[in-house]
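In what follows, a single structure is set out as structure tokens and then discussed.
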Amino acid sequence: MIRFDRVTKRYGHRAVVDSVSLEVRKGGLCVLLGESGSGKSTLMRMVNRMVEPDAGRVMLDGTDIANVPPESLRHGIGYVIQSVGLFPHWRVADNIATVPRLLGWDAARVASRVDALLQLVGLPPEDFRARYPHELSGGQAQRIGLARALAADPPVLLMDEPFSALDPGIRRGLQVALRRIHAETAKTILFVTHDVEEALLLADELAVMQDGRLLAHGRPAEVLRRDADPVVKRLFGEATLAFHRLGTLRAANAARPASATQPAEAQLPILPPDSNLKQALMLMLESGTDQVALPGGATLHLSDILAAA
Ligand SMILES: Nc1ncnc2c1ncn2[C@@H]1O[C@H](COP(=O)(O)OP(=O)(O)OP(=O)(O)O)[C@@H](O)[C@H]1O
592 MIRFDRVTKR YGHRAVVDSV SLEVRKGGLC VLLGESGSGK STLMRMVNRM
642 VEPDAGRVML DGTDIANVPP ESLRHGIGYV IQSVGLFPHW RVADNIATVP
692 RLLGWDAARV ASRVDALLQL VGLPPEDFRA RYPHELSGGQ AQRIGLARAL
742 AADPPVLLMD EPFSALDPGI RRGLQVALRR IHAETAKTIL FVTHDVEEAL
792 LLADELAVMQ DGRLLAHGRP AEVLRRDADP VVKRLFGEAT LAFHRLGTLR
842 AANAARPASA TQPAEAQLPI LPPDSNLKQA LMLMLESGTD QVALPGGATL
892 HLSDILAAA
């Protein structure tokens, strides 16, 4: 649904985005990952025409956005940035309602939308709708920023390092909330970060950038394969690449099926459903065993993990 077709952006003689082609499928969550200055934000900002490419084009649902006036284009695109940018003298409800009011929604529809969005981002409406931005913590303000971006139900969300300024615990809470919201709303999301853990937690697709070029693109397990590009390896940490890769592989796919001849391993630690191999390894390390059981009776051995890593 978002398609970059050989887009280039130059500042002076330098191409900060260099002939990038990339497709983000409808309802997908694509994380743009790369070191500072690699061109991630510039690429993202082409989608809402905050940056115009010097060459190439950006298509949204098959339409070349160069033909769509920026104002109407942006009504269909939510944008969330690190410094939330809430209007300080407006209450939370008014901040969230900015775009719906611009679109001429009536007061009752706006009010019910504000409450529904506060629920969606995990803040009780009766407690939060009348607060001012200075009465919010950083994490709460970022949740309001997300609610505001979702207000007019845009099909596309652009998120530029939205959680970078938050403490690790609060940040993790927002990442989990975003995954839930993505699953519930099926928005197409492009998310910029330079944080590897965040990228792996969120992405169904990863696009790795370096010096304006797209180095790798695909599902996390594909991008982190053993023979990954050296720059990708460096970005994820040579020493921990295999460990990260385990986090992209489902434990159930590497496990041995429950066997009728073998008695059920009642005393083995049980891995929660949908765990990945990193979680399985952690459980083995914590419990001092080299086998764990999966719900349903399959077993996973340390050697299965080593074979998959
Ligand atoms: N308006 C501009 N004029 C000149 N150079 C710019 C402009 N905007 C960005 N750049 C340069 O383009 C390069 C890419 O910037 P961009 O913000 O896209 O990178 P990034 O990967 O998002 O980095 P970060 O993670 O630090 O935000 C940087 O070297 C930056 O200095």
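Using the numbering used here, read the sequence shown as starting at 592 and increasing by one per residue.
By construction, the Cβ of each residue, glycine as well, lies at the ideal position given by its N, Cα and C atoms.
Using the beta-carbon count (16 or more within 10 Å), is residue i buried or exposed?
| i | result |
| --- | --- |
| L797 | buried |
| A830 | exposed |
| T654 | exposed |
| A842 | buried |
| R597 | exposed |
| G730 | buried |
| S878 | exposed |
| Y670 | buried |
| A777 | exposed |
| H604 | exposed |
| H773 | buried |
| V767 | exposed |
My output table needs one value for residue i: the three-state DSSP class, helix, strand or coil.
| i | result |
| --- | --- |
| G603 | coil |
| R720 | coil |
| G764 | helix |
| A635 | Per the sequence shown, the amino acid found at residue 635 is Met instead of Ala. The answer is helix: DSSP assigns M635 an H, G or I state. |
| S627 | coil |
| G669 | strand |
| G736 | helix |
| G887 | coil |
| L859 | coil |
| L840 | coil |
| D786 | coil |
| G730 | helix |
| R969 | Nothing about residue 969 can be reported from this structure: the residues present for the chain run from 592 to 900 only. |
| L792 | helix |
| V608 | strand |
| V705 | helix |
| T815 | Reading the sequence as shown, one finds Leu at residue 815 and not Thr. DSSP places L815 in coil when its eight states are reduced to three. |
| L693 | helix |
Pull the bridge partners of residue i from the DSSP assignment, please.
| i | result |
| --- | --- |
| P801 | The residue asked about is misnamed: residue 801 is Gln in this sequence, not Pro. Bridge partners of Q801: R804. |
| A646 | T599 |
| I593 | V615, L651 |
| H892 | Q882 |
| I772 | DSSP lists no partner for I772. |
| D751 | I672, V783 |
| G809 | L797 |
| N658 | Partner(s): none; N658 has no beta bridge. |
| R847 | T890 |
So is the beta-carbon of residue i under 6 Å away from any non-hydrogen atom of ligand 1?
| i | result |
| --- | --- |
| V607 | yes |
| H835 | no |
| S850 | no |
| G676 | no |
| H785 | yes |
| G628 | yes |
| K631 | yes |
| Y602 | yes |
With a cut-off of 8 Å on the beta carbons, I'd call residue i and residue j a contact; round off their distance for me.
| i | j | result |
| --- | --- | --- |
| P811 | L791 | 6 Å |
| L620 | F782 | 6 Å |
| I672 | V638 | So it is not a contact: roughly 14 Å between Cβ atoms. |
| R704 | A742 | 6 Å |
| P886 | P864 | 5 Å |
| V615 | G630 | Contact doesn't hold; Cβ gap of about 16 Å is too wide. |
Flag residue i as yes when its Cβ comes closer than 6 Å to any non-hydrogen atom of ligand 2, and as no otherwise.
| i | result |
| --- | --- |
| G647 | Within the structure as shown, ligand 2 is missing, the only ligands being ligand 1. |
Answer yes or no: does any C-beta atom of chain D fall closer than 7 Å to that of residue i?
| i | result |
| --- | --- |
| A884 | Annotation note: the requested chain D is absent from the structure, which comprises a single protein chain. |
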